[in-house]
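**Q** So the sequence lines, in the order shown, correspond to chains A and B. Here the first sequence is numbered in the working numbering, starting from 8 and rising by one per residue. Here the second sequence is numbered in the working numbering, starting from 2 and rising by one per residue.
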Amino acid sequence: MAIELSAVRYRYAGASRPALQSVDLRLDPGRVLGVAGANESGKTTLCLVAGGFAPGVVGGRLEGSARIDGAETTSIPAHALALHCGLLFQNPATQLSNTTATVFEEVGFGPCNLGLAVSEVIERVWWALKTVGIEDLAPRDPARLSGGQGQLVALASVLALRPRYLILDEPTSELDPAGTALVGEALARVAAETGAGILLVEHKTEVLARIADEVVVLREGSVALAGPAAAVLADSILAELGVEPPARVALERDVRAAGLDWPAALAEGIG
Amino acid sequence: MADSGSPGSDRAGNGSTRASSAPTDLSVARSSVSSAPSSVAPSTAPYIELDGISFTYPDGTRALENVDLRIDPGELVAIVGQNGSGKSTLARHLNGLLRPTTGRMLLDGRDVRGLHVARLAERVGLAFQNPDRQLFAGRVSAEVAFGPHNLGVRGAEVDERVRAALDAVGLSAEAASNPYDLGYSRRKLLALASVLAMRTPVLVLDEPTTGQDARGGARVRAVVAVAAGEGRTVIAISHDMRFVAECFRRVVVMRAGRVILDGTPDVVFGEASWDELRATYLAPPFAAVAGARLGLGATPTALAFVAALGQRPGHARS
């Protein structure tokens, strides 16, 4: 049981070069795997490939092996993929169905399509709304939400599917710091309590520092750095890879660059 | 009303923040951007006044509640607040996309009510939070040229503006690409370039750093620094507190459609404001928290923190 990519190389249809050159990674149930990297380093493509959307839905050419629980993604039909993997797109507007009048219906849209009993759908919708802290948005029109609210609704709609694996492409990009912290905690809880494996693409390395077990950093479609989150996020090569380190790491670096000692009082966690 | 309850809104107290001196991380800015020719005289930036503005969406959502705000020419203002606090609604009032339900918006003392949105667009450029609401052309260069063309700019001047704007955001190599072949982060930079090319004296940027990596973030900071150097007014909505503290001289905090704090980063991110920040689900930048822990005073940026730490008596140098 895992999502496993081995020597994955993927090229979009018509593209002059592969978006993923060589990627190996493994996402186990109940774990949070963080993915960081500069823009255009292949993070979003990785999401599509790991979730079986590429090449299955978007086309293109996949080499190597992408497996979900042992089955090659290319052999899993799209409707069955939806049961395995919940994919949250980077742009929440892409995610919403545009067919519903309330946030409640929007979040229920996916579970309804799974053919679940109405009582189960209702239970899941409230659970998902509560998990991301937006129960109060239930009666609102999904088309009239702020950027951050729309993102939380999109995330809730994926959680409500209760997939075995969650693949989340920058789920906190439009969120305020409290919303970001809340989503981070919620995801850690979802992984621990439901046993879902979470692939989390994030520019906010603070979030990865808090909840990721391991982190991989991509560069030009290949894994440039991988390992336990704390070690990867403190690696001095991070900036070269176009990744902003967590604020604490960055501040310590600035202090040392000025020829000063990092104060002992800041050694333990703050903020 | 929004003004009266906010300690930082004392205009005299803000006086020192009005100088259009460049942001603190200018070294980053200058190193990553070739200096674009300045075409905007500082004096052309208008005074912006929001006078008791309230706005209610057609579905009954009250997004702004009696907002009073005066923004001087050349000011660098960040608007922060929790999701749904009315920030984007406020931004859309600034370029006339939304008109207040009650209250007035004035440019140089003139009510913009009678002003067509196209006239307002010559003065105030808005880069949307979601670039896909903004982009539509089939070529990156055409996308950027659209704004200036609509303003009546023609010929070589358009080409020059497109070149400078794409250069400023690091997309020169993509001039012939289709915007939708670019990733989200670069589409956001493209949306920014298309607003820059209009060379409006006021720039309004809605969440410009979201989705950007370290280099993209530096590009955005550089754009703000260059615009500031040209005397333009820059108003940005952001959740990125480090960006806010490093690049802006004034921080306006919104909560539930109202302005609850208004002052310099030192004041707004200072320890005395933390409770109010937390009430609107914001957190001060890490440097401010670290500075407070050490009793260094207000250190909203890494630069301020390092400077204060260096002056701390007896602090060891490694």
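We put the CB at the ideal spot given by N, CA and C, even for glycine.
For serine 23 of chain A, which of helix, strand or coil comes out of DSSP?
**A** coil
**Q** By DSSP, does tyrosine 181 of chain B sit in helix, in strand, or in coil?
**A** helix
**Q** For leucine 225 of chain A versus glycine 44 of chain A, is the C-beta spacing smaller than 8 Å?
**A** The answer is yes: Cβ separation under 8 Å.
**Q** Could you check if threonine 101 of chain A is buried or exposed, using at least 16 other CB atoms within 10 Å of its CB as the buried criterion?
**A** exposed
**Q** Following the continuous beta strand (DSSP E) through serine 13 of chain A, name the residue where it begins and the one where it ends.
**A** 10-18
**Q** If we ignore side chains and look at the alpha-carbon of each, how far apart do arginine 220 of chain B and alanine 169 of chain B end up?
**A** 7 Å
**Q** Kindly list the residues whose CB is nearer than 8 Å to the CB of phenylalanine 116 of chain A, restricted to its own chain and excluding five residues on each side of it in sequence; keep chain order.
**A** Ser104, Thr106, Thr107 and Ser164
**Q** Quick one: is serine 243 of chain A buried, meaning 16 or more other Cβ sit within 10 Å of its Cβ, or exposed?
**A** exposed
**Q** I want to know whether the stretch 17-28 of chain A touches the stretch 184-204 of chain A - three or more CB-CB distances under 8 Å.
**A** no
**Q** For alanine 150 of chain A, is the classification buried or exposed, using 16 other Cβ atoms within 10 angstroms of its Cβ as the cut-off for buried?
**A** exposed
**Q** Measuring only between beta-carbons, confirm whether leucine 273 of chain A sits less than 8 Å from chain B.
**A** yes
**Q** Taking glycine 218 of chain B and phenylalanine 244 of chain B to be in contact with their CB atoms under 8 Å, please state how far apart those CB atoms are, rounded to whole angstroms.
**A** 7 Å
**Q** Count the other CB atoms within 10 Å of the CB of aspartate 73 of chain B; is the residue buried (16 or more) or exposed (fewer)?
**A** buried
**Q** Could you list which residues in chain A have their beta carbon closer than 8 Å to that of asparagine 131 of chain B, in chain order?
**A** Asn98, Ala100 and Gly154
**Q** Evaluate lysine 88 of chain B with the Cβ neighbour count: other Cβ atoms within 10 Å of its Cβ, from every protein chain shown; 16 or more gives buried, anything less gives exposed.
**A** buried
**Q** Going by Cα to Cα distance, which pick from A/Leu207, A/Glu221 and A/Val262 is closest to lysine 50 of chain A?
**A** The option with the nearest alpha carbon to lysine 50 of chain A is A/Leu207.
**Q** Would you grab the beta carbon distance between alanine 283 of chain A and arginine 131 of chain A for me? Rounded to a whole angstrom, and I think it's under 8 Å.
**A** Outside the displayed range of chain A (8 to 278) lies residue 283 of chain A, so it cannot be described from this structure.
**Q** Relative to the alpha-carbon of leucine 27 of chain A, which residue among A/Ala272, A/Val56 and A/Pro253 has its alpha-carbon at the smallest distance?
**A** A/Val56
**Q** Does the Cβ-Cβ distance between glutamine 213 of chain B and serine 186 of chain B come in under 8 Å?
**A** In this structure, serine 186 of chain B lies closer than 8 Å to glutamine 213 of chain B by Cβ.
**Q** Please determine if the stretch 250-266 of chain B and the stretch 68-84 of chain B are in contact, where contact requires at least 3 C-beta pairs separated by less than 8 Å.
**A** yes
**Q** Contact defined as beta carbons within less than 8 Å: I believe isoleucine 49 of chain B pairs with leucine 95 of chain B. What is the distance between those atoms, to the nearest angstrom?
**A** With 8 Å as the limit, isoleucine 49 of chain B and leucine 95 of chain B qualify as a contact, their Cβ atoms being about 7 Å apart.
**Q** Would you identify the three-state DSSP class for asparagine 323 of chain B, choosing helix, strand or coil?
**A** This structure does not reach residue 323 of chain B, given that chain B is present from 2 up to 319, and the question cannot be answered.
**Q** How far does the beta strand (DSSP E) with glutamate 70 of chain A in it reach, from first residue to last?
**A** 68-75
**Q** Show which residues of chain B have a CB atom less than 9 Å away from the CB atom of glycine 186 of chain A.
**A** Gln83, Asn84, His240 and Tyr282
**Q** Mind listing the chain B neighbours of asparagine 105 of chain A? Cutoff is C-beta to C-beta under 7 Å, in chain order.
**A** Ordered by position in chain B, no residue passes the 7 Å Cβ test against asparagine 105 of chain A, which lies about 14 Å from the chain.
**Q** Who are threonine 234 of chain B's beta bridge partners in DSSP?
**A** B/Val203
**Q** Assign glutamate 47 of chain A to one of three DSSP states: helix, strand, or coil.
**A** Residue state, collapsed to three classes: coil.
**Q** Whose C-beta lies closer than 6 Å to the C-beta of tyrosine 282 of chain B among residues of the same chain, with five residues either side of it excluded?
**A** Gln83
**Q** Does arginine 18 of chain A get closer than 8 Å to chain B when you measure Cβ to Cβ?
**A** no
**Q** Cα-Cα, which of B/Leu183, B/Val269 and B/Thr234 is closest to leucine 204 of chain B?
**A** B/Thr234
**Q** Give the interface partners of alanine 61 of chain A over in chain B, defined as CB-CB distance under 9 Å, in chain order.
**A** Here the premise fails: no neighbours, minimum Cβ distance about 14 Å.
**Q** Beta carbons nearer than 8 Å to chain A: which residues of the stretch 174-201 of chain B have them?
**A** For the stretch 174-201 of chain B, the set of residues with a beta-carbon nearer than 8 Å to any beta-carbon of chain A comprises Gly184, Tyr185, Ser186 and Arg187, in chain order.
**Q** Which runs of the beta strand (DSSP E) fall wholly inside the stretch 57-131 of chain B and span at least 3 residues, in chain order?
**A** Counting whole runs of 3 or more residues, the stretch 57-131 of chain B contains the beta strand (DSSP E) stretches 63-72, 77-82, 103-108 and 125-128.
**Q** So which of B/Leu107, B/Ala92 and B/Val145 has the shortest CA-CA distance to arginine 200 of chain B?
**A** B/Val145
**Q** Using a threshold of 8 Å, state whether the C-beta atoms of alanine 85 of chain A and valine 64 of chain A are closer than that.
**A** yes
**Q** With the cut-off set at 8 Å, would you say proline 270 of chain A and leucine 295 of chain B are in Cβ contact?
**A** yes
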